[in-house]
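Engineer: Have a look at this one.
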Amino acid sequence: MPRRRKRSQKKRSPRGSRPNVQNKKSKLLSRLIEGQVNPFSVHARGSKQFDESSAFTNTSTIAYHTTASTDANGALAFVSTFIPSAIYREATTIVSDAVTVNGSYVTSNDTTYIETHTHMRVVSYGVRIYCIANADKAQGILRIATTSSIASLASFETSNSHTTYIPIETGMDVTWCSKPLGHDFHSFIAPDASVGSMSTAGTMPCTVPDVFVSGGPASTGLLGIEVRINYELRPDETDVGTYRHATPSFPHNPSIAGRVISHLTNSPHVQETAELATGAALAYMAPKAATAAASAASSASTWYSSLLGIGESVGETAIEMAPLALL
Numbered sequence: 494m495p496r497r498r499k500r501s502q503k504k505r506s507p508r509g510s511r512p513n514v515q516n517k518k519s520k521l522l523s524r525l526i527e528g529q530v531n532p533f534s535v536h537a538r539g540s541k542q543f544d545e546s547s548a549f550t551n552t553s554t555i556a557y558h559t560t561a562s563t564d565a566n567g568a569l570a571f572v573s574t575f576i577p578s579a580i581y582r583e584a585t586t587i588v589s590d591a592v593t594v595n596g597s598y599v600t601s602n603d604t605t606y607i608e609t610h611t612h613m614r615v616v617s618y619g620v621r622i623y624c625i626a627n628a629d630k631a632q633g634i635l636r637i638a639t640t641s642s643i644a645s646l647a648s649f650e651t652s653n654s655h656t657t658y659i660p661i662e663t664g665m666d667v668t669w670c671s672k673p674l675g676h677d678f679h680s681f682i683a684p685d686a687s688v689g690s691m692s693t694a695g696t697m698p699c700t701v702p703d704v705f706v707s708g709g710p711a712s713t714g715l716l717g718i719e720v721r722i723n724y725e726l727r728p729d730e731t732d733v734g735t736y737r738h739a740t741p742s743f744p745h746n747p748s749i750a751g752r753v754i755s756h757l758t759n760s761p762h763v764q765e766t767a768e769l770a771t772g773a774a775l776a777y778m779a780p781k782a783a784t785a786a787a788s789a790a791s792s793a794s795t796w797y798s799s800l801l802g803i804g805e806s807v808g809e810t811a812i813e814m815a816p817l818a819l820l
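Residue numbers (this note's numbering): 494 to 820.
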């Protein structure tokens, strides 16, 4: 009598062990983190801040493009903000690499729509700078200094420890990403609030880039500039129309918030745009998000919680909930 072949039995994982679920969580978590720290990522669109707010909000994105031209001496300077009613301004007059006259602020095309809501706040904000000149005119030095003051472009004369120097050449393409400074960045502000009040105070609730170019070709359109702002809008309670696309905020999760702030504080302001576009930034952040040491996550979360005035401890139980908002 022929022997029956024994069926090959696959070893079953113990009940409760689901490695694929953990991998999916890691991927979703990395997308959430990238959406908070990289404003140019596709995951940044529709993203919201992780905090204690329970307000229903609309989400939107500003992608404002402009061209910056040098003066007769081959110099230019500009500063950008995250406020739609004053998105950026250029220097009108530069003498011996010193700004003597500041230009007026330029308003974004989204301002009218934003002002139909009661309040707004920024989720992520960054500036992309790339060379648009021909090879024979692509020259000079681009200086990007990270600061929090926008009171005067004259401050561009002075470099600081966060200044990056980049030679301007064909194919130059860099991205600068903002980082929050204190609790005010997480607060909603009136959408029609003038940037004047902030510039008078001299500081912004997040870092801003001040850009200076010297040694460039005279009177030439040298740089293309894209300002990207992902933001939340609180609907007007008296206007049903503004509630049409409003959705609830992410569940509060100190653990995710801690990892976000950890990446924000440790990632560089200025990066090659290709690094972000090819997903290298995500590849860099995902392993850290999935395998971060408990002590590092705990300290970061504690710092972030104290920043927001939250007394909750670190917990992993709600990690499964937040990614569902992006599915």
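Every residue gets a Cβ at the ideal spot worked out from N, C-alpha and C, and that includes glycine.
What are the complete beta strand (DSSP E) segments, minimum 3 residues, inside the stretch 564 to 622?
Structural biologist: 569 to 573, 581 to 588 and 591 to 595
Engineer: If you draw a straight line from the C-alpha of E809 to the C-alpha of S519, how long is it?
Structural biologist: Confidence in E809 is poor, its pLDDT being 31 and thus under 50, which makes the residue's placement too unreliable to answer from.
Engineer: Taking the CB atoms as reference points, tell me whether I625 and G717 lie closer together than 8 angstroms.
Structural biologist: yes
Engineer: Going by alpha carbons, who is nearest to S641 out of R614, Y618 and D703?
Structural biologist: D703
Engineer: Is the distance from the Cβ of L821 to the Cβ of A584 below 8 angstroms?
Structural biologist: With the chain covering 494 to 820 only, the question about residue 821 has no answer from this structure.
Engineer: Below 7 angstroms CB to CB, which residues in the same chain sit around A631 once its five sequence neighbours on both sides are set aside?
Structural biologist: C624, I661, E662 and T663
Engineer: So is I634 buried or exposed if we call it buried at 16+ other beta carbons inside 10 Å?
Structural biologist: exposed
Engineer: Identify whether A556 lies in helix, strand or coil by the three-state DSSP scheme.
Structural biologist: strand
Engineer: Could you check whether A638 and H655 sit closer than 8 angstroms to each other, using their CB atoms as the reference points?
Structural biologist: yes
Engineer: Assign G714 to buried or exposed, taking buried as 16 or more other Cβ atoms, counted over all protein chains shown, within 10 Å of its Cβ.
Structural biologist: exposed
Engineer: Measuring CA to CA, which of S534, V763, N531 and A548 is closest to I659?
Structural biologist: Minimum Cα-Cα distance from I659 among the listed residues S534, V763, N531 and A548 corresponds to V763.
Engineer: According to the neighbour-count rule (16 or more other Cβ atoms, all chains shown, within 10 Å of its Cβ), is G675 buried or exposed?
Structural biologist: exposed
Engineer: Throw me the rounded Cβ distance for the C670 and N531 pair, which I believe falls under 8 angstroms.
Structural biologist: 7 angstroms
Engineer: Could you check what DSSP says for Q529 in three-state terms: helix, strand or coil?
Structural biologist: Of the three classes helix, strand and coil, the one that applies to Q529 here is helix, per DSSP.
Engineer: So, is H679 buried or exposed, given that buried needs 16 or more other C-beta atoms within 10 angstroms?
Structural biologist: Classification of H679: buried, given that the 10 Å Cβ count is 16 or more.
Engineer: I'd like the list of long-range same chain contacts for R614, defined as Cβ closer than 6 angstroms, with 5 residues on each side in sequence excluded.
Structural biologist: Same-chain partners within the cutoff: F681 and E725.
Engineer: In this structure, what does DSSP give as the bridge partners for I634?
Structural biologist: P660 and S707
Engineer: Return helix, strand or coil for D677, following the three-state DSSP convention.
Structural biologist: The answer is helix: DSSP assigns D677 an H, G or I state.
Engineer: Rank I526, D677, S712 and D729 by C-alpha distance to the C-alpha of T560 and give the top, closest one.
Structural biologist: S712
Engineer: Looking only at DSSP bridge pairs, what is I625 linked to?
Structural biologist: None; I625 has no bridge partner.
Engineer: Can you tell me where the beta strand (DSSP E) holding Q542 begins and where it ends?
Structural biologist: Neither: Q542 is in no beta strand (DSSP E) and is coded neither H nor E.
Engineer: Assign T696 to one of three DSSP states: helix, strand, or coil.
Structural biologist: Three-state result, T696: coil.
Engineer: How about R538 and T554: are their beta carbons less than 8 angstroms apart?
Structural biologist: yes
Engineer: Nearest-angstrom Cα distance between S597 and F543?
Structural biologist: 34 angstroms
Engineer: Use the C-beta contact count for S589: other C-beta atoms within 10 angstroms, 16 or more gives buried, fewer gives exposed.
Structural biologist: exposed
Engineer: Alpha carbon to alpha carbon, how far is R524 from H536?
Structural biologist: 6 angstroms
Engineer: Buried or exposed: where does T668 fall if 16 or more other Cβ atoms within 10 Å of its Cβ makes it buried?
Structural biologist: buried
Engineer: Using the Cβ count rule (16 or more neighbours within 10 Å means buried), how would you classify V572?
Structural biologist: Result: buried.
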